[in-house]
Every structure is written in C-alpha cells, then in structure tokens.
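Inspection log for the structure reproduced underneath, given as structure tokens.
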Amino acid sequence: MEKRFKYKISKGNLLAVLMFFVLIVPFHACKKDEIVLENNNSNKIIDEGPVQYGTPFADVPEVQDVVLYEVNPLAFSSQQNLDGITARLDDIKSLGVNVVWLMPIYPTGTLNSVGSPYAVKDYKSVNPDYGTLADLRELVDNAHAKGMAVMLDWVANHTSWDNQWIENKSWYTTDESGNITYPETWQDVADLNYNNTSLRKEMIAAMKYWTLEANIDGFRCDYAGGVPNDFWKAAIDTLRKIPNRDILMFAETDKKSVLDAGFDMIFGWNFYGKTKQAISEGTSAFNIINAHTSDYQDLAEGKHIVRWITNHDDNAHDNIPQALFNGERGSVSAFVLSAYMGGVPLIYNGQEVGFDKQLDFFKANTTIIDWNYNNSLLEEYTNIIQLKKTESALRNGAFTSYGNSDIVAFTRTFNDEQVLVIVNIRAEELTYNVPDALQGEGWYNGYTNSAETIGATIALDGYGYKVFVK
Numbered sequence: 001m002e003k004r005f006k007y008k009i010s011k012g013n014l015l016a017v018l019m020f021f022v023l024i025v026p027f028h029a030c031k032k033d034e035i036v037l038e039n040n041n042s043n044k045i046i047d048e049g050p051v052q053y054g055t056p057f058a059d060v061p062e063v064q065d066v067v068l069y070e071v072n073p074l075a076f077s078s079q080q081n082l083d084g085i086t087a088r089l090d091d092i093k094s095l096g097v098n099v100v101w102l103m104p105i106y107p108t109g110t111l112n113s114v115g116s117p118y119a120v121k122d123y124k125s126v127n128p129d130y131g132t133l134a135d136l137r138e139l140v141d142n143a144h145a146k147g148m149a150v151m152l153d154w155v156a157n158h159t160s161w162d163n164q165w166i167e168n169k170s171w172y173t174t175d176e177s178g179n180i181t182y183p184e185t186w187q188d189v190a191d192l193n194y195n196n197t198s199l200r201k202e203m204i205a206a207m208k209y210w211t212l213e214a215n216i217d218g219f220r221c222d223y224a225g226g227v228p229n230d231f232w233k234a235a236i237d238t239l240r241k242i243p244n245r246d247i248l249m250f251a252e253t254d255k256k257s258v259l260d261a262g263f264d265m266i267f268g269w270n271f272y273g274k275t276k277q278a279i280s281e282g283t284s285a286f287n288i289i290n291a292h293t294s295d296y297q298d299l300a301e302g303k304h305i306v307r308w309i310t311n312h313d314d315n316a317h318d319n320i321p322q323a324l325f326n327g328e329r330g331s332v333s334a335f336v337l338s339a340y341m342g343g344v345p346l347i348y349n350g351q352e353v354g355f356d357k358q359l360d361f362f363k364a365n366t367t368i369i370d371w372n373y374n375n376s377l378l379e380e381y382t383n384i385i386q387l388k389k390t391e392s393a394l395r396n397g398a399f400t401s402y403g404n405s406d407i408v409a410f411t412r413t414f415n416d417e418q419v420l421v422i423v424n425i426r427a428e429e430l431t432y433n434v435p436d437a438l439q440g441e442g443w444y445n446g447y448t449n450s451a452e453t454i455g456a457t458i459a460l461d462g463y464g465y466k467v468f469v470k
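Here it is in structure tokens:
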C-alpha cells in the first residue's frame, strides 16, 4: 500500500517558507544579461535587459547617401528640450536631411562640472531638463515617420565624477597613488579603464538599451580614438546582432583604424582644415584636392569621411562659418565642396540660415537660433542638398580633378551619369578655362535643369560655383 504523508503547516512555518521565496528566488530569477556593480554593491542589479520599443526603422540610408544634421538641444528651440526638436522635424526633413544626430541627451554631472553635456552622469536616463524617455520615443517615432534615422551622441571615454560607476574604482584609470585620473586636460570628467571587463559589459549594455528602448538607429561616438578598438568591435558587433536592425556608427576621430572595428564614418579634419586655409588664407586649391585624395586613399568600400564647415566644437570654440570662410559666400562655396566632392555632408543647426551668433552647448542660457534669419540662404542650402540626393553620381561617382590653384573643378562619374562641379575659392571674379574633354553640348544646369553648352571658358563670381549634369 502506498504510504501518504501529511504535514501540517503552522503559521510560523508558513511565514518561514514565504520569507525563503522572497529572499532567495529573486537571485535565481536574474536574467542572463544582467550586470551587477562591484565592491560593496555586488548584489545591486543595474540592468535587467532592454526590450524592443516600436518597430525597427527599415529605411536607414546607405552610408554614401547620408546627409547628417547635428542638433544642439540648448540652441535649437526656445523650449530647449526634445519636444522643441520634434516640433521642427519637418523643417529638417525639407532641407534634405535623412539622419539626425542629437548631442548628448543624458543627465549631466554636477561634481567638478563645467556644464559640458559630455560629462555623463547616467547612461540610461534622459536629462530631465530635456524631457523623458517617452519624449525621446516620440521624437524618434516622428523622425522615422518622416524618413529620417536618429543617432545619439555617445561618450565612452569618460564619465562625470558623480556617475554611479565611480563606486567601482577599477572601472577607471588611476595614478600611482590610486587616485582616479582625468583624460587629456578635461578635469571635469573621470577617465574610464577599458582593461576592466565589467565596465565593457555595462557600456555595451547601455548602448543596447537605447537601441532597443528608444529605437534609435546608431551612435556618434565622442573621442572614439581614446577607446580601444577591440571594445568598439565588441560593441558594434553586439548592436548589429539585434534582429532587423541597420545600425549607423560614426567615430569622432580621423584614425582610419577604427573603421576596422565596424564604424561607417570618421571625421575629416584634414579636409576641413585645408578648405578653411585655402579660402581664408589664400593657399592653393590643390591642397583641397590632395586632402580629398588622402582621405579616401586605401579606404574600404562602404566607409566614408564626414565633412563639414561647422559643428558644435568649431562654432562654440572657434567661430561661425561666415567668420572662418571669409563671409557668407565663402562659407557656401566651402559647403558645396564638402557636399559634392565625396563623403557625408554634415550640417550644424542654424548653419543653413546663416545664423550669425556662436552657440554655446555648456550653458542653458545660450543664444537660441533665429530660424528666419536668412531664408534665401536656406533655399540655397536646400537646392545644394537636394541635388546631391537626386544625382547618384554625386553620391557614388568616381572623382576626377580638373582644377587649378584658384578653382576647384572636378567630375563625379557613375555609370552613364556625370556631374561637373566648378567652385571659385577666391573673393574676386575668375575665369575658368574648360578642358577640351568637358566642352560641348548635352549638359544641363544642375539647379534649373536648363540645357547648357559648355564653351572654352566659364566666368565665376567671387566664391561662385556652377554645377552641370549630363
């Protein structure tokens, strides 16, 4: 006969059983990808794994097709928040932009602070001054609906001094006395130690968090050259293994070696510097051509250089583009070169209307952009960008130079399409002697679509440019 045992549970025993499950079961229910803090916080769970919000964006552009727009939330709108950006997405779209880069949207540290948004206090929160996660999701949803991808600025090299990670001293670089150090001359931030495996895991987990929870499409990585390549490879590989995702990765460095880690784009400081010198100091236009050639020498297929005439650093710390490129017309000629010679053009908010004041990104009381400052310049910028989007030769075409020391002239050729770009980088009117191979019928004005016959010479206004399509 089968024996049956009965056990009567008293109130005391029942309480003990319940306490067992309350105290023990949660520690066995941790998910595989949870990360825990070290030292005195070894049982503090800080990541239970993000979940996919919304539908992954299906129209992330190919790198050669990217037109990148940088947003400084403090200067972009009078609201100085994410809602203020969302409200103007139609204007960004109408310019021809297909990727929006948001400067850091995370809480900023206060300890030893100079106000920099690149001193991140919490990698998994939205700065309450900017809004909430729901506000960010609304921004991303609206951008996607308008055909634009969204990239977040990512600061992997350092944190603020009051970031919760500071409790884990081994996550940071220390001096001989064991004190946490700062990178370069930036005393407002603490330098991270990428020899630490736990740090690496948590940094990747934070990047994955935004990719899923906010449905963003990539990262612009600040001071990327200061972080080991093998970390970037692990991070990018992890992000690109997320199902149904096309991830854009942009490194703030001109080191081509980071492209081997999976980055799509790097900064083109060489091209920027040579273009600025040629226009503002009168150096040879051949220096611009040489910079372009050097930038793309041995560059792997699908990798590109980001080119600009201003960004948050240059605008705030150097000057506005009109001051750096001999006035508005000089700045436009520089932008034409940045947009058409090759690579990914970058526009910094306010540039397209010629706004004439520098934009701080450390202080909340910075100048707000006047979006009606110069509507005719906005129309010109729109035409320049729309032509790049229309003509595949300007995105994919082989480059051939036909210029001289004062005029940058080149063709971009792709299949049976050809575009001829001629830019006067001097303030005075010049005449361009057209090579025989480019003369003749069959050309069209790139902006009016009217038929053109190119003769032996072409007159160019000071800082003028002409674009012909065939």
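All the letters of the sequence shown, read from the start, carry residue numbers 1 to 470 under full-length UniProt numbering. Note that CB positions come from ideal geometry on N, CA and C, so glycine has one too.
For residue i, name the three-state secondary structure that DSSP assigns.
i: ILE368; result: coil
i: PRO26; result: Any answer about PRO26 is weak, because its pLDDT of 42 lies below 50 and its placement is not dependable; what the coordinates show is given next. PRO26: helix per DSSP, three-state reduction.
i: ASP129; result: coil
i: TRP165; result: helix
i: VAL114; result: coil
i: GLY440; result: strand
i: GLY218; result: strand
i: VAL306; result: strand
i: THR448; result: coil
i: VAL353; result: helix
i: PHE250; result: strand
i: residue 471; result: Outside the modelled stretch of the chain, which goes from 1 to 470, sits residue 471, for which no answer is possible.
i: residue 545; result: In the structure as shown, the chain begins at 1 and stops at 470. Residue 545 is therefore absent and cannot be evaluated.
i: ASP191; result: strand
Applying the 10 Å Cβ sphere with the 16-neighbour rule, what's the burial state of residue i?
i: ASN433; result: exposed
i: GLY302; result: exposed
i: HIS317; result: exposed
i: GLY442; result: exposed
i: ARG240; result: exposed
i: GLY440; result: exposed
i: GLN187; result: exposed
i: SER125; result: exposed
i: PRO117; result: buried
i: THR275; result: buried
i: LEU111; result: exposed
i: GLU429; result: exposed
Check whether the Cβ atoms of residue i and residue j sit closer than 8 Å, and answer yes or no.
i: TYR272; j: GLY342; result: no
i: ILE216; j: VAL150; result: yes
i: ALA248; j: VAL60; result: Before going further, note that residue 248 is Leu rather than Ala in the sequence given. Cβ distance < 8 Å, so LEU248 and VAL60 count as in contact.
i: residue 471; j: VAL67; result: The structure shown does not extend to residue 471, since the chain is modelled only from 1 through 470, so no value can be given for it.
i: ASN349; j: PHE57; result: no
i: PHE335; j: ILE279; result: no
i: GLU70; j: HIS312; result: yes
i: residue 502; j: TYR373; result: The requested residue 502 is not part of the displayed model; the chain covers only 1 to 470.
i: ASN404; j: TYR463; result: no
Return the residue from the list the options that minimises the CA-CA distance to residue i.
i: ASN127; options: VAL114, LEU139 and THR108; result: THR108
i: ILE309; options: VAL419, THR431 and PRO321; result: PRO321
i: ALA214; options: HIS144, GLU391, CYS221 and TRP269; result: HIS144
i: CYS189; options: ALA119, TYR53 and ARG220; result: This sequence places Val at residue 189; Cys is not what is there. For VAL189, the nearest C-alpha among the options comes from ALA119.
i: ALA235; options: PRO243, ASP222, GLU252 and ALA206; result: ALA206
i: ALA113; options: LEU136, SER94, SER160 and THR132; result: The sequence given here places Ser at residue 113; Ala does not occur at that position. The shortest Cα separation from SER113 among LEU136, SER94, SER160 and THR132 belongs to SER160.
i: THR400; options: VAL421, THR390, GLN386 and SER170; result: VAL421
i: residue 471; options: TYR447, GLY462, TYR463 and VAL469; result: Any question about residue 471 goes unanswered here, given that the chain covers just 1 to 470.
i: TYR340; options: VAL99, GLY330, TYR465 and GLY327; result: TYR465
i: GLU138; options: THR55, TRP154 and ARG200; result: THR55
i: PRO228; options: TYR209, GLU281 and ALA251; result: ALA251
At which residues does the alpha helix (DSSP H) containing residue i begin and terminate?
i: PHE286; result: 286-296
i: ASN142; result: 133-145
i: ASN270; result: 269-281
i: residue 486; result: Because residue 486 is not part of the residues shown, which for the chain are 1 to 470, the question remains open.
i: ASP260; result: No alpha helix (DSSP H) contains ASP260, which DSSP labels as neither H nor E.
i: SER376; result: 375-390
i: TRP210; result: 197-213
i: LYS93; result: 89-95
Does the beta-carbon of residue i, which I'm using as the reference point, lie nearer than 7 Å to any heavy atom of the ligand NAP?
i: PHE468; result: The ligand NAP is not part of this structure, which contains no ligands at all.
Hey, quick one: how far does the beta strand (DSSP E) through residue i stretch, first residue to last?
i: VAL332; result: No beta strand (DSSP E) holds VAL332; the alpha helix (DSSP H) holding it covers 328-340.
i: ILE347; result: 344-348
i: ILE407; result: 407-414
i: THR431; result: 430-433
Would residue i count as contacting chain C if we go by Cβ distances under 8 Å?
i: LEU430; result: This model lacks chain C altogether, as it is built from one protein chain only.
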